[in-house]
Amino acid sequence: MAKIYDSNGTYIGDLPISEQDQAKLDAGGVALSFHTPRMLRETMGVNNFTVFLSADANGKVVADSPEQVKRAIAHLAAVAERTNG
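Sequential numbering of the sequence shown, starting at 297, is according to our numbering.
Structure below.
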């Protein structure tokens, strides 16, 4: 999980990030995509989110669009709730 901040340094929340995506982030930036799993689309609808992240001079992970990060976090929580009971 990566702690995500907005451009003002305000903490937004945590998002999962793979080792491969972490390497891309370390190299300059990464776009993370999230979507509704196929088995949940009938009940949750189809949702797709793309979040652009970069690291600031202090190493904090900064989001281009804080609102997209909040939507992605809420979506991931809803998916986890439906799949983990």
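Just so you know, even glycine gets a beta-carbon here, dropped at the ideal spot from N, CA and C. The model shown is predicted, which means the values in this text are computed figures rather than measured ones.
Quick one: residues in its chain with C-beta nearer than 8 Å to the C-beta of Lys-366, no 5 flanking neighbours on either side, listed in chain order?
Ile-308 and Gly-309
Terminal residues of the continuous beta strand (DSSP E) containing Ala-359?
357-359
Start and end of the alpha helix (DSSP H) containing Asp-317?
315-322
Among the candidates Met-335, Leu-372 and Arg-334, whose CA atom is the shortest distance from the CA of Phe-345?
Leu-372
Where Val-342 falls, given that 16 or more other Cβ within 10 Å makes a residue buried
exposed
Counted within 10 angstroms of its Cβ, other Cβ atoms place Ala-370 as buried (16 or more) or exposed:
exposed
Please report how far the alpha carbon of Glu-315 lies from the alpha carbon of Lys-299, in whole angstroms.
15 Å
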